[in-house]
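Visitor: Take this structure first; my questions come after.
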Amino acid sequence: MSILHTDAVDHILSSTVPHDDPILEEMEAQADRDGFPTIGHEVGSFLRLCARLTGARSVFEFGSGYGYSAYWVAPALGADGQIVLTEVDEAELEQAREYFERGGYADRAVFEAGDALEVIERYDGPFDLVLIDHENHRYVDGFEAVREKVAPGGVVVADNVLNSGTEMTPRDLDAFLTGGASADAGSTLEGVTEYYERVRDDPEFETTVVPVGEGLFASVRTS
Ligand SMILES: C[S@@+](CC[C@H](N)C(=O)[O-])C[C@H]1O[C@@H](n2cnc3c(N)ncnc32)[C@H](O)[C@@H]1O
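Read left to right, the sequence shown gives residues 1 to 223 (full-length UniProt numbering).
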C-alpha cells in the first residue's frame, strides 16, 4: 500500500490494473515473499501507459531486478520493439531472463549484467522510454548519461522520489524544496533533490510529479 493516497484511492488504482498474466502474479508473489522493492503494479501500469502513449519501440532501464518493471512494458513494445534490462546482481538478471522466456517476451529483451551507467555508454538510442530505478544518489548520473539519447517526445521516469521507506518521506522533500532544509551528503533525499532540480531546470524536458507507488518524476523531452 502506498502512503501517498488513501486506502480508497489505493483500492481503486488496484482495481483498474489488469491482472491477467500469471507470470506477473508470480513475480508479485516473489516480491511479497522476499520483500523485494519492485515498482509495484500501479507504477507498472503507468509505465505501460507511457510506452503505449509514446508508441515505444526502444526502452532502457537502470536497475531491473528480476524484471518486474520491464515485464510490464514488454507487451506494449510489439514484436519489433526492444527493452534493455540492466542489473548488477547476475542471479536477479537470470531470473528476469527466465520470466521473460516463460512469458514469451525474451525476443524483445536484452539482458545486460553490470553497472547500468557503464552499459548505457554502449547504446546510442534513441529511446522512447527510460526507467531510472537503480541507486537514488546516482539518478542524476543516469539522467546525464541518457538524456541526449532520449527521442523527442520520449519520456524518462524516475521511481522512489516521494517516499523511500525510513530514509525519506514527502515531508522531507517538501521541507527541502520549500523551506531550504538541508540533506545529508550521500542520502536518498540529496539524490532525489539533485535529480529533481536537474530535470526541472532542463530546457529540453518538461517534468511532472506522479504520486503513484512511491512517487515518480516523469520528464518528457520537448525538443
Ligand atoms: C528498486 S530495485 C529495481 C527493481 C525493478 N526496477 C522493478 O521494479 O522490478 C533496484 C535494482 O537496481 C539494482 N542496481 C543498483 N545499482 C545498480 C547499477 N548501478 N546498475 C544496475 N543495477 C543496479 C539493484 O541490484 C536492484 O536490483
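The C-beta atom is built at its ideal place from N, Cα and C for all residues, glycine as well.
Got a sec, what are the start and stop residues for the beta strand (DSSP E) residue 129 sits in?
Guide: 127 to 132
Visitor: Exposed or buried, what is residue 39 when buried is set at 16 or more other beta-carbons lying within 10 Å of its beta-carbon?
Guide: Classification of residue 39: buried, given that the 10 Å Cβ count is 16 or more.
Visitor: Which of the three DSSP states is assigned to residue 144 in this structure?
Guide: helix
Visitor: What separation, rounded to the nearest whole angstrom, lies between the Cα atoms of residue 189 and residue 152?
Guide: 29 Å
Visitor: Which residue from 105, 98, 63 puts its Cα closest to that of residue 78?
Guide: 105
Visitor: Is the beta carbon of residue 73 less than 8 Å from the beta carbon of residue 216?
Guide: No, the pair does not count as a contact, with Cβ atoms beyond the cut-off.
Visitor: Please work out which residues of its chain come closer than 6 Å, Cβ to Cβ, to residue 111, disregarding the five sequence neighbours upstream and downstream, and give them in chain order.
Guide: Contacts found: 85, 93, 97.
Visitor: Which residue or residues does DSSP assign as beta-bridge partners of residue 33?
Guide: Paired residue(s): none; residue 33 is not in a bridge.
Visitor: Under the three-state reduction of DSSP, which class applies to residue 89: helix, strand or coil?
Guide: coil
Visitor: Quick one: Cα of residue 62 to Cα of residue 149, how far?
Guide: 14 Å
Visitor: Give the straight-line distance between the Cα atoms of residue 69 and residue 45, rounded to the nearest whole angstrom.
Guide: So the alpha carbons of these two residues sit roughly 9 Å apart.
Visitor: Could you pull the start and end residues of the beta strand (DSSP E) that residue 206 belongs to?
Guide: 205 to 210
Visitor: Cβ of residue 129 within 8 Å of Cβ of residue 193?
Guide: no
Visitor: Taking 7 Å as the line, does the beta carbon of residue 41 fall inside it for any heavy atom of ligand 1?
Guide: no
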